[in-house]
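Sequential numbering from 15 applies to the sequence shown in my numbering.
In this text, a Cβ means the ideal position worked out from N, Cα and C, and glycines have one as well.
All values derive from a computational prediction rather than experimental measurement.
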Amino acid sequence: MTEAQFETRVRTLEDYAKRHPTGYKVRVVLLALSGYGYIAFLVVLALALSVGLLGLLVYFRAVALIKVALLPLIFAGVLLRSLWVKLEEPEGRELSPEEAPQLFEFLERTTTALDAPRIHRVLLDDQFNAAVSQVPRLGLFGWNRNFLIIGMPLLTALSPEQFQAVLAHEIGHVSGNHGGFSSWVYRIRRTWGTLETKVEQDAEIGSFLLRAFLHWFAPALNAYTFVLARAQEYEADRAAADVVGREAAAGALIETAHKASFFEGEYWNRVIEASKRQPDPINNAFSGMAEAYRGWVTSNRIESTLRSALAMPTGYADTHPSLSDRLAALGHPLATVGKEAGNRVEYASAPVAMTAAEWVFGPKLPERLATFDREWEEKVHFRWREAYRKASEMRQGIEELTARPIETLSDEELWKLISGTDEFVGEDAAIPFVREMLVRHPDHVGGNFFLGRHLLKNDDPAGIPHLEAAMKADHEGTFVICDLLHEYYEKKGDQTGIGQVRATLDDYRALLNKAAEERQRFDENEVLEPHQLDAELVRAIRGALMELQDLKAVWIARRRVEVLPDWPYFIIGIEAEPTWNPLGRKAREQTLLGQISGLNFPFSFRCFILNSETRWLAEKYRQLPDAKIYGL
15 MTEAQFETRV RTLEDYAKRH PTGYKVRVVL LALSGYGYIA FLVVLALALS
65 VGLLGLLVYF RAVALIKVAL LPLIFAGVLL RSLWVKLEEP EGRELSPEEA
115 PQLFEFLERT TTALDAPRIH RVLLDDQFNA AVSQVPRLGL FGWNRNFLII
165 GMPLLTALSP EQFQAVLAHE IGHVSGNHGG FSSWVYRIRR TWGTLETKVE
215 QDAEIGSFLL RAFLHWFAPA LNAYTFVLAR AQEYEADRAA ADVVGREAAA
265 GALIETAHKA SFFEGEYWNR VIEASKRQPD PINNAFSGMA EAYRGWVTSN
315 RIESTLRSAL AMPTGYADTH PSLSDRLAAL GHPLATVGKE AGNRVEYASA
365 PVAMTAAEWV FGPKLPERLA TFDREWEEKV HFRWREAYRK ASEMRQGIEE
415 LTARPIETLS DEELWKLISG TDEFVGEDAA IPFVREMLVR HPDHVGGNFF
465 LGRHLLKNDD PAGIPHLEAA MKADHEGTFV ICDLLHEYYE KKGDQTGIGQ
515 VRATLDDYRA LLNKAAEERQ RFDENEVLEP HQLDAELVRA IRGALMELQD
565 LKAVWIARRR VEVLPDWPYF IIGIEAEPTW NPLGRKAREQ TLLGQISGLN
615 FPFSFRCFIL NSETRWLAEK YRQLPDAKIY GL
């Protein structure tokens with residue numbers, strides 16, 4: 015199902031759910047039950063076949079063939095094994111009631127008020143986020159353990175009331191008072207999604223019965239439950255409003271919107287910039303966050319950040335509604351500001367007299383922050399020193415290039431001078447060098463992007479054709495460039511320009527969907543070509559593969575594609591070490607698929623297990639030179 019088809023289907027289901035809410039829920043239940051029913055049918059069928067065969071063999075006294083009757087039992091065992099969906103428990107530093115008594119008291123009151131299940135473990139991590147995660151002990155069949163994950167950066171950004179609103183929202187996801195049915199939907203979406211991924215990675219079981227069923231069932235379940243999962247976001251917001259009040263609930267949404275933008279962007283950019291100036295990591299990456307937030311909220315950049323966030327419409331990429339729609343549901347006046355381009359966002363972030371981190375940890379907070387600082391320093395120390403070394407070398411190289419007449423520089427040296435000057439001196443100082451590059455090469459992608467972005471940043475529309483030229487020459491920059499153009503047109507109130515940007519994005523998304531569909535189709539008729547990867551990259555890949563256990567051989571080839579041919583796509587074939595145990599072999603192959611799929615190769619690819627079902631693929635590899643990159 016393409017992105018456009020999914021959106022159309024969800025829109026249709028949203029309309030039906032509004033007109034027939036009870037009938038819609040009945041459809042969802044029946045659809046979910048059909049999934050469990052199909053699995054039960056396969057298991058019962060396998061057992062019945064085994065008993066029937068056993069009876070026939072005994073009747074005809076064919077004792078020598080008694081093992082034949084065990085084949086359906088083996089299939090049932092393999093089937094049940096594949097259905098054992100294990101969701102990993104979230105990671106983090108566990109908090110006890112003794113460490114954060116006010117937090118645990120609030121959690122107890124809130125779970126009671128919202129009729130929510132008990133939180134079994136509270137974990138603290140280094141993300142700007144909070145979430146409730148349910149991990150089923152019995153895989154597809156439930157019996158959940160409930161985890162609350164809290165990010166220290168979020169704690170240092172919000173007031174206690176705002177943080178309590180965030181917690182109430184997350185607990186609202188599993189609340190009985192605010193949509194127990196939707197809470198059930200919240201859980202099954204994740205579990206069935208994990209099962210689909212697991213079955214897709216299992217070459218034998220995935221291609222036999224379960225995969226065919228899930229190709230129909232998973233998209234249907236995702237579309238049907240998408241509507242309820244989105245409604246559940248609104249219900250969780252209402253749960254937060256019931257617990258802490260509408261003003262605090264809305265304030266938490268607004269504060270997290272602009273402070274998350276700062277944390278994920280400018281804050282860490284500042285930290286990275288420091289690695290260019292000092293040899294050792296900063297010692298207050300976490301303990302300095304509260305002060306950094308206070309500096310941010312006095313800046314006029316909040317207005318720009320919130321205007322963009324409020325103008326973002328509710329989409330279908332995920333179940334979260336837009337900020338403006340969530341605020342509208344809570345009756346907050348700021349919801350209407352982002353509906354029209356050019357509106358000024360009149361919002362003042364209230365000073366945080368006490369942070370949520372201080373509320374949670376009290377006098378123990380400095381010790382907590384010091385632990386995060388120390389662990390972060392230890393984790394980044396080597397990379398930081400390496401970044402400082404490279405920055406020093408680059409700075410020296412830029413000084414040498416600057417001393418030479420510009421006409422004597424090669425194109426490679428000129429681009430190095432542009433990048434280095436921008437990084438170490440400033441964007442304005444790099445512009446004369448950028449213009450020189452465009453005199454030499456008017457279609458230069460990097461030069462056009464650099465100059466176009468600089469001009470728009472300075473309110474000069476002359477940057478538009480430069481950005482459009484860069485986008486035309488390199489489609490991979492479409493999203494970034496469209497964001498820049500959309501922000502500029504929005505600031506100018508240019509609806510025509512905004513419409514053109516949206517049309518460009520729609521066309522590009524359609525092209526990406528078409529390319530993705532082509533790449534997902536793969537059978538015996540597809541053409542494979544030599545991979546054409548350079549020797550250094552192949553050596554790096556081989557080095558990564560050497561770390562994997564039970565891996566016998568790996569082949570790689572480039573798949574011939576018609577859509578976006580400059581976006582190469584590769585097919586990787588994997589052969590596991592042989593074993594006498596069929597169940598062990600399947601688990602081994604699935605593990606290898608997951609490990610190789612998770613490797614950070616600098617290209618798009620798809621993995622297949624080479625076995626009796628994929629002999630045709632192995633034959634294609636044998637016809638290509640140098641396709642085998644690992645193994646004897």
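6 Å Cβ shell around G49 - same chain, five flanking residues per side excluded:
F231
As assigned by DSSP and simplified to three states, the class of N614
coil
Who are S48's beta bridge partners in DSSP?
According to DSSP, S48 bridges with nothing at all.
Identify every residue that forms a DSSP beta bridge with Q563.
Looking at the DSSP assignment, Q563 forms no beta bridge with any residue, so it has no partner.
In the DSSP assignment, find the unbroken beta strand (DSSP E) run with Y644 in it and report its ends.
K642 to Y644
Since K430 contacts L452 with CB under 8 Å, what's their CB separation in whole angstroms?
Rounded, the Cβ-Cβ distance is 16 Å, inconsistent with contact.
Report buried or exposed for W630, applying the criterion of at least 16 other Cβ atoms within 10 angstroms of its Cβ.
exposed
Between R321 and P639, what straight-line distance do the alpha-carbon atoms span, to the nearest angstrom?
55 Å
I believe L181 touches F161 by the beta-carbon criterion, under 8 Å. Please report the beta-carbon distance rounded to the nearest angstrom.
That pair is no contact at about 13 Å.
Close Cβ partners of N298 (< 7 Å) along its chain, the five nearest in sequence each way excluded:
D387
Can you find the residues in the same chain that come closer than 8 Å, C-beta to C-beta, to E184, ignoring five residues on each side of it along the sequence?
A144, A145, V146, L162 and A250
Have a look at R123 and D294 and give me their C-alpha separation to the nearest angstrom.
45 Å
Residues in its own chain within less than 7 Å of A558 by CB, not counting five upstream and five downstream?
L613
Give the range of the beta strand (DSSP E) segment to which N163 is assigned.
The residue you asked about is not Asn; residue 163 is Ile in the sequence shown. That run of the beta strand (DSSP E) goes N158 to G165.
N-terminal and C-terminal residue of the beta strand (DSSP E) that P150 is part of:
A144 to P150
Determine the extent of the beta strand (DSSP E) in which L137 is found, giving its start and end residues.
R135 to D139
Would you kindly check if the distance between the Cβ of T328 and the Cβ of D339 is under 8 Å?
yes
When we look at the beta-carbon of H192 and count the other beta-carbons within 10 Å, is it buried (16 or more) or exposed?
Residue confidence for H192 is low, a pLDDT of 49 falling below 50, so the modelled location carries little weight; the figure read from the coordinates is stated next. Buried is the call here.
Candidates R159, L63, G51 and A60, of which the one nearest E102 by Cα
R159
Rounded to whole angstroms, what is the Cα-Cα separation between E175 and A114?
16 Å
By DSSP, does F10 sit in helix, in strand, or in coil?
Because the chain is modelled from 15 through 646, residue 10 falls outside the range shown and cannot be assessed.
Residues of its chain near R533, where Cβ-Cβ distance is below 6 Å and the 5 sequence neighbours each way are ignored:
Y583
Could you tell me the distance, in whole angstroms, from the CA atom of G220 to the CA atom of R449?
At G220, the pLDDT of 42 sits below 50, so the modelled position is not reliable; the number obtained from the coordinates is stated separately. Spanning the two alpha carbons is a distance of roughly 55 Å.
Tell me where the alpha helix (DSSP H) around L469 begins and ends.
V459 to K471
Count the other CB atoms, across all protein chains shown, that sit within 10 Å of the CB of W282; report buried if there are 16 or more and exposed otherwise.
exposed
To which residues of the same chain is E287 closer than 8 Å at the C-beta, ignoring the five residues directly before and after it?
none
Return helix, strand or coil for F622, following the three-state DSSP convention.
strand
Would you call the stretch 454-461 in contact with the stretch 543-553, where contact means no fewer than 3 C-beta pairs closer than 8 Å?
no
Taking the alpha-carbon positions, what's the D442 to D473 distance?
14 Å
Is V568 helix, strand or coil when you go by DSSP?
strand
Those residues which DSSP pairs with E108 across a bridge:
L137
What would DSSP say about A590, mapped onto helix, strand or coil?
strand
Between the Cα of R573 and those of L121, I586, L117 and L562, spot the shortest distance and give me the residue it belongs to.
I586
With DSSP run on the structure shown, which of helix, strand or coil describes E543?
strand
DSSP three-state call for R556: helix, strand or coil?
helix
Would you give the residue range spanned by the alpha helix (DSSP H) that A517 belongs to?
Q509 to Q534
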